[in-house]
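Protein chains: 2
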Amino acid sequence: MNLTVAEENYIKSIYKLQDGNTVVSTNAIAYELATKPASVTDMAKKLKEKKLIDYEKYQGISLTPEGRKIALQIVRRHRLWECFLVDKLSFSWNEVHEIAEELEHVRSEKLITRLSNFLGNPTTDPHGDPIPDAMGRISKSQPLVSLDKATARRLEVAGVSDQSSSLLEFLNAKGIRLGTQLDIIERYEFDNSVEVKIRNQPAFTLSEQVSKNIMVKSL
Amino acid sequence: MNLTVAEENYIKSIYKLQDGNTVVSTNAIAYELATKPASVTDMAKKLKEKKLIDYEKYQGISLTPEGRKIALQIVRRHRLWECFLVDKLSFSWNEVHEIAEELEHVRSEKLITRLSNFLGNPTTDPHGDPIPDAMGRISKSQPLVSLDKATARRLEVAGVSDQSSSLLEFLNAKGIRLGTQLDIIERYEFDNSVEVKIRNQPAFTLSEQVSKNIMVKSL
DNA sequence: AATATTATTTAGACAAATCTAAATAAAATA
DNA sequence: TATTTTATTTAGATTTGTCTAAATAATATT
Ligand SMILES: [Mn+2]
Ligand SMILES: [Mn+2]
Ligand SMILES: [Mn+2]
Ligand SMILES: [Mn+2]
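First to last, the protein sequences are chains A and B. Mapping of the first sequence onto the working numbering: residues 1 to 219, in sequence order. Mapping of the second sequence onto the working numbering: residues 1001 to 1219, in sequence order.
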């Protein structure tokens, strides 16, 4: 199965959007890929032809088992490259997504096997997302709680639900990254903001907008 | 200047073929890129439009200074990735070309700067070819001699002029790589073959075909 | 149920990169 | 120089991925 870069990007988006849902809508894919619904319909026909998706017009789109297998390979490549960029080239987590978006399309079994090995076969990427193994097995990311709903006092940052560069940049500036331990100092009902503290640093306040997108686990 | 992968591949081929020559022919480029002369003519018009090559019909093709600058960037990326694959992922030199052929098109200044740094800013790639620096400066590869014409008795392998996977694989199997030291045992006029010896190994014979493509310097 | 809104598909077009076959120019040879 | 061969270009198609505008289907609202 030899796929173009465009086809790979569609497969990956469908995988991402499907998560739980039975089918994905034409519009959702168009929005995700910053393209037009008409283009999605065109591509849907091609991917159906290749038996990578199930698709009947007006009925939404879902990956076939084969499509899912390919999606997991692409996700694996994407996340391994993100690890490489952060761990070996000292990029910060907000800079790696766009670059990995290109690197993920370099197809070579051997390259990915060796890259994974070189990185110590990591199981999560710099954003806390699980990395599928060579067989496409992916650990169910334990259901995390968002910071605005967490109950414990001491928490560890385990992921972000919004991966926009603007959020990641903000967190970066505040010194919040994966594995950072936070203490909840105070919650303000008024605007649902929350005051938090990182060891050896003055406390600061996070808006609801932000705390909603920080996924944490208690220690 | 935003170039497509195809445009980058053309620019790189023209750079490679120009080397010394004033202009490059349509056919030479077609052969190098395994495409058809008609396609080269089409692309020549586009690249001229973008002011990356000088081209008048029937007069051959040459890079403009701007085109040359871009070629050097692509060559830099290609060779740095080759270093990465060999030095960090333990690929052998005959396996890296195809993969680097894809990696070279991932465009990110920062990525390449950091990759170079991570590798210790190497100045030659695994095939002995010089790596242009960030400014596009490239060290004139000292004019090497091919093994079949070398005069000294003890030689060091400094490059290969044919980079086909078949030659590299052969050399690999014989234990010949960049920096390998060879002693000339005997030259046979009959078929221009040459018997060589690597330290701690039995001597063996190389055909003229092979020795022509091994570039060496004396020690 | 009729109407309005939203989602999706179709029709027709375009740019990029390629091809084959035919036409033309340049170079080599007799 | 005339002829043959080789190199290059043009003309016309094809594939991939995209778009806009118009048509149609599904859903929501009165
Ligand atoms: Mn991508
Ligand atoms: Mn990620
Ligand atoms: Mn390439
Ligand atoms: Mn090389």
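Yeah, the Cβ is synthetic: ideal placement off N, Cα and C, and Gly gets one too. Here the structure is a predicted model, which is why all the values come from computation and not from measurement.
Query, Result
"At least three beta-carbon pairs within less than 8 Å, the region 1084-1100 of chain B to the region 1137-1154 of chain B", "no"
"Sufficient close CB pairs (3 or more, under 8 Å) joining the region 1028-1048 of chain B to the region 1094-1106 of chain B", "no"
"Within 9 Å of chain B by C-beta, residues of the region 82-112 of chain A in sequence order", "Leu85, Lys88, Leu89, Ser90, Phe91, Glu95, Glu98, Ile99, Glu102, Leu103, His105, Val106, Arg107, Ser108, Lys110 and Leu111"
"Any beta strand (DSSP E) of 3 or more consecutive residues that is wholly inside the region 1041-1068 of chain B", "1053-1055 and 1061-1063"
"C-beta contact flag for Trp93/A and Leu168/A at 7 Å", "yes"
"For Arg304/A, the three-state DSSP class (helix, strand or coil)", "Because residue 304/A is not part of the residues shown, which for chain A are 1 to 219, the question remains open."
"Whole-angstrom distance between Leu72/A and Glu102/A, CA atom to CA atom", "16 Å"
"Reduced DSSP category for Ile198/A - H, G, I as helix; E, B as strand; rest coil", "coil"
"Thr124/A versus Arg79/A: straight-line alpha-carbon distance, rounded", "8 Å"
"Nearest neighbour of Ser998/B, chosen from Ala1203/B, Lys1057/B, Glu1156/B and Arg1199/B [CA to CA]", "In the structure displayed, chain B extends from 1001 to 1219; residue 998/B sits before or after that span and is not available."
"Those residues which DSSP pairs with Ser218/A across a bridge", "Leu155/A"
"Residue ranges of each beta strand (DSSP E) within the region 1116-1194 of chain B, 3 or longer", "1154-1160 and 1181-1188"
"Cβ pair Leu17/A, Val24/A closer than 7 Å", "yes"
"Min CB distance Arg114/A to chain B below 7 Å", "yes"
"Glu1169/B CB to nearest heavy atom of ligand 1 below 6 Å", "no"
"Beta carbon of Lys1012/B nearer than 7 Å to that of Ile1074/B", "yes"
"Min CB distance Phe1118/B to chain A below 7 Å", "yes"
"Exercise answer, beta-carbon shell around ligand 1 heavy atoms below 5 Å", "Asn9/A and Glu101/A"
"Nonlocal neighbours in the same chain, by C-beta distance under 7 Å from Ser193/A, ignoring five residues either side", "Thr205, Leu206, Ser207 and Glu208"
"Beta bridge counterpart(s) of Leu206/A as assigned by DSSP", "Val194/A"
"Neighbourhood of ligand 2 [Cβ distance below 6 Å to any heavy atom], ordered by chain position", "Arg79/A, Glu82/A, Asp125/A, His127/A and Asp129/A"
"Helix, strand or coil at Val1086/B [DSSP, three-state]", "helix"
"As assigned by DSSP and simplified to three states, the class of Val24/A", "strand"
"Within 7 Å, strictly: CB atoms of Gln1158/B and Gly1128/B", "Before going further, note that residue 1158/B is Ala rather than Gln in the sequence given. Yes, the Cβ-Cβ distance between Ala1158/B and Gly1128/B is below 7 Å."
"Endpoints, alpha helix (DSSP H) assigned at Ser13/A", "Val5 to Gln18"
"Arg77/A vs Pro132/A beta-carbon contact at 7 Å", "no"
"Spatial distance of Leu182/A from Lys197/A (CA atoms)", "6 Å"
"Local conformation of Leu1072/B per DSSP, three classes", "helix"
"Cβ-heavy atom distance, Glu1032/B to ligand 3, below 6 Å", "no"
"Where Ala34/A falls: helix, strand or coil (DSSP)", "coil"
"For Lys212/A, the three-state DSSP class (helix, strand or coil)", "coil"
"Glu1104/B Cβ short of 6 Å to ligand 3 heavy atom set", "yes"
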